[in-house]
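Trainee: Residue numbers (my numbering): 251 to 1176.
Yeah, the Cβ is synthetic: ideal placement off N, Cα and C, and Gly gets one too.
In this text, all values refer to a predicted model and were calculated from it rather than measured experimentally.
Here it is, the structure in full.
Take a look at the structure:
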């Protein structure tokens, strides 16, 4: 030990004996990890307890782990739970999560899911990702009344401006923790907390825009915007996310240097995943210069926080992966630390170290214990090693039966253990049917031997002849897969015997044979139904579905829709997608069950989530007709599109119909023809008939009509002759004007035809034409140019007079079809009372629609309306949000607003640095 380390330990001891909890914790850490002193778990426990008794949360957490694992003291689950609880009550997020796990799963504590959710929620509110994942996957239905009261208070606090309450309320809506789960409300409260600069809210809001996040809009630009804001505020989880995004190129260009920058920032704040990732980057020179000492330091820091990968990597490095650092004793120490936290591979390596005396004293008994821990958790290599220890009596008494058991378990794992083969053959040669069967498994799959199905059949048959049921079953399966040819009488006899013993898989397979007439067996639907029923009653999902079909269609049994519904329900509840679809149909039609549109929709949705395309079509039908849901043609269109893309003929037909009629989407005859054609090719008669009718009626695609109209609007008239025309000549000018008028009228006709088919750009162009005076006037260079506006001069030649009512009609049509310029223009008209009565509320509605489609001028106007309380409730945070969107598109007025908002703290926390940054942005405008 160097003098510096001795001095450090001496200082810790002096302070620890004087009662300093931090020194006591550090002294416990030194003895736990063996830093500069011999590893001594008893001494570590003593000092961790001293610090824990004084309220040191990390010491409390580590003390709980030691009692749980039996390190430094006997295992004591009750004591472990007590210290987990004290650390959790002290705000330790990992302790809160771990305590939640123990109440959720047991056995250390009595299972209490309400109590578990209480701790998961507290951990999640601190940003603990694993707690959040658990809540997202398992829901929050079980909570206590205390939590409900807390949420009610949280809502009051949030409405009164409490930023942290807003964040916690968003989490409550995410997980349904005390309120009904609602992603839209969650996003709303995240935004309101984020608007006050809440770093965790900014990060969580960013996650909701990722494509993997279901139920929200996908938008990488918003994701990066919010994530960067969170990371720049120093939130380590956001910094880690940015590191991962740049490392993997998820939505951005891959940039390892940028990735390392963010990982390092998070690592410096103690974020363990980032510490481990930064260590990997330093070790391999990824995004930074290769730096082994720095890598070791980051690995060590992550390992001290419990990172199993970091502990294992340190073991690998010191075991000799980096030759210059080889230190087997240190390697053994790190492998032990990983093994003690449950890492199976580290347990196997540590067992090998004890078996061979690598870095530790040779101890076969200790090796046996580590191999057994890993083997009992399913590790194939550990099972082979344990089997060999039983064979040779190392670290335990000789026990060939136990050896064979572990060899067999390894084989079932698919672990290639050639060491076990001689022992199997020895036992098999003595007539051991179990060993014969396992040799069959090994030769069939190539586990530890060269795969040989003929050899497998030999061993299976030897075991089968002794009555080994699994061997008989394996021979039948080989026959089914054409790996072996059995006589019909032989395999049917075995199938029947195994099925009669209650094997549900064989019962199902036997049912299929009789149902379809396989392998020389005559079709016998009543017999098929008998075997399906036996299998279905044991919970076989496929048999339940088949039985439902047979009752529904009267295949070998009398039709019984109620019985069909019962079997479909049993299969559906186990997740069978076709059964879920059929059960949905039964509820929709009232077959065998009372008609129930809500139940039908629920089962259709479950089937659709598993890719059942016809269920997607039926959901679309329900939304189109408003059955069981509020009528929503846009949602119907979305489901039809999904079903069509998944190949469902009715989905393709309905999608074509939607495009033809404009159901939930703008009309698009071209797309309608495409989908009608696909459905017709698959034999859909209605699709073929409507396609023929459409082709007969159709003139031209609206896009083509629109393009023709726009080409004519851009037409330049010319006068025949050798030289350039003299546009100052009155007759020539009138001729040009006449040609312009003729072309413009033709253009209007083309645009009207396109607009009549719902083409928004054509509708908007017509609103401009009808809303303006259009004239020709000299440009000062001897040319006449077409001009739009409201104030021609006396030299102008009028081409068209405005028609305000017609203009408004087409502008409204374009706006309703989602044209952002039309939407913005309507907002302006309502704001200024142009052709309509002034109406700030209506103006705000149209500005919002245009703003949501990305129009920066509309975003600016909406920001102004929120700032001034015009047409909407005054809301500085909403004003800031819309101005920020516009500013990010370089709207100069919004840039000014954002700068001033940061400078004065209007709608956002005051931030002089951000104000200065926006001032710099303004300096780029020329």
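#1: In the structure shown, what three-state DSSP assignment does residue 567 receive?
#2: To the nearest angstrom, how far is it from the Cα of residue 413 to the Cα of residue 602?
#3: From 570, 514, 821 and 315, pick the residue whose C-alpha is nearest to that of residue 547; which is it?
#4: List the endpoints of the continuous alpha helix (DSSP H) containing residue 751.
#5: Quick one: complete alpha helix (DSSP H) runs, 4+ long, within the segment 1052–1107?
#6: In whole angstroms, what is the alpha-carbon distance linking residue 403 and residue 439?
#7: Since residue 445 contacts residue 1157 with CB under 8 Å, what's their CB separation in whole angstroms?
#8: My output table needs one value for residue 1142: the three-state DSSP class, helix, strand or coil.
#9: To which residues of the same chain is residue 551 closer than 6 Å at the C-beta, ignoring the five residues directly before and after it?
#10: Look at the alpha carbon of residue 647 and the alpha carbon of residue 689, and state the distance between them as a whole number of angstroms.
#11: Secondary structure at residue 973, three-state DSSP: helix, strand or coil?
#12: So what does DSSP say about residue 965, is it helix, strand or coil?
#13: Please state whether DSSP places residue 414 in a helix, a strand or coil.
#14: Mind checking residue 977: buried by the 16 CB within 10 Å criterion, or exposed?
#15: Quick check: the Cα distance between residue 971 and residue 963, rounded to an integer number of angstroms?
#16: Would the beta-carbon of residue 1215 fall within 8 Å of that of residue 373?
#17: By a C-beta neighbour count over all protein chains shown, 10 Å radius and 16 as the cutoff for buried, is residue 504 buried or exposed?
#18: Can you tell me where the alpha helix (DSSP H) holding residue 724 begins and where it ends?
#19: Contact between the segment 741–755 and the segment 721–731 is defined here as three or more beta-carbon pairs at a separation below 8 Å; is this criterion met?
#20: Just verifying my parser: in three-state terms, what is the DSSP assignment at residue 316?
#21: What alpha helix (DSSP H) runs, 4 residues minimum, are completely inside the segment 594–676?
#22: Given residue 968, which residues of its chain have a CB within under 6 Å of its CB, disregarding the five upstream and five downstream residues?
#23: Does residue 485 come out as helix, strand or coil in the three-state DSSP assignment?
#24: Identify, in the order they occur along the chain, each residue of the same chain with its Cβ nearer than 6 Å to the Cβ of residue 345, setting aside the five sequence neighbours on each side.
#25: Cα-Cα, which of 954, 878, 925 and 1057 is closest to residue 897?
#26: In the structure shown, what three-state DSSP assignment does residue 502 receive?
#27: Checking 8 Å against the spacing of the C-beta atoms, do residue 298 and residue 309 come in under that value?
#28: Is it right to say residue 773 is buried, meaning 16 or more other beta carbons lie within 10 angstroms of its own, or is it exposed?
#29: Could you give the first and the last residue of the continuous alpha helix (DSSP H) run that contains residue 458?
#30: Under the three-state reduction of DSSP, which class applies to residue 540: helix, strand or coil?
#31: So, for residue 973: in the same chain, excluding its five sequence neighbours on each side, which residues have a beta-carbon less than 7 Å away from its beta-carbon?
#32: Taking DSSP as the reference, what is the three-state secondary structure of residue 916?
#33: Pop quiz: residue 822 and residue 805 are said to be a contact at Cβ under 8 Å. What is the actual Cβ separation, rounded to whole angstroms?
#34: When you compare the CB positions of residue 259 and residue 278, do they come within less than 8 Å of one another, or not?
#35: By Cβ distance below 6 Å, which residues in the same chain neighbour residue 266 in space, the five residues on each side in sequence not counted?
Mentor: In brief:
#1: helix
#2: 55 Å
#3: 514
#4: Per DSSP, residue 751 belongs to no alpha helix (DSSP H) and is neither H nor E.
#5: List check, alpha helix (DSSP H) in window: 1054–1066, 1070–1082 and 1090–1102.
#6: Rounded to the nearest angstrom, the gap between the Cα atoms of residue 403 and residue 439 is 15 Å.
#7: 6 Å
#8: Correct three-state label for residue 1142: helix.
#9: Taking residue 551 as the centre and dropping the five residues before and after it, the same chain places the C-beta of 525 closer than 6 Å to its C-beta, in chain order.
#10: 25 Å
#11: Because the pLDDT at residue 973 is just 32, under 50, the model does not fix this residue reliably, and the point stays unresolved.
#12: Because the pLDDT at residue 965 is just 45, under 50, the model does not fix this residue reliably, and the value given afterwards should be weighed accordingly. Coil.
#13: helix
#14: At residue 977 the pLDDT is 44, less than 50, meaning the model places this residue with poor confidence; the figure from the coordinates comes in the next sentence. That one is buried.
#15: A caution first: residue 971 carries a pLDDT of 32, below 50, which makes its placement in the model too unreliable to give a value.
#16: The structure shown does not extend to residue 1215, since the chain spans only 251 to 1176, so no value can be given for it.
#17: exposed
#18: 719–730
#19: yes
#20: helix
#21: Here the runs fully enclosed are 594–606, 614–625, 630–642 and 650–662.
#22: Unreliable positioning characterises residue 968 in this predicted model, as indicated by a pLDDT of 37, which lies under 50. The coordinate reading is nonetheless provided below. Once the five neighbours on either side are set aside, residue 968 has no close Cβ partner at all.
#23: coil
#24: 311, 334, 337 and 338
#25: 925
#26: Residue 502: coil per DSSP, three-state reduction.
#27: Result yes, Cβ atoms of residue 298 and residue 309 sit closer than 8 Å.
#28: exposed
#29: Segment: none, residue 458 is in no alpha helix (DSSP H) and carries neither H nor E.
#30: coil
#31: Residue confidence for residue 973 is low, a pLDDT of 32 falling below 50, so the modelled location carries little weight and cannot support an answer.
#32: Note: residue 916 maps to coil in three-state DSSP.
#33: At roughly 19 Å, the Cβ-Cβ gap does not stay under 8 Å, so residue 822 and residue 805 are not in contact.
#34: Taking 8 Å as the cut-off, the Cβ atoms of residue 259 and residue 278 do not count as close.
#35: The beta carbon of residue 266 is closer than 6 Å to those of 273, 274 and 277 in its chain, skipping five residues each way along the sequence.
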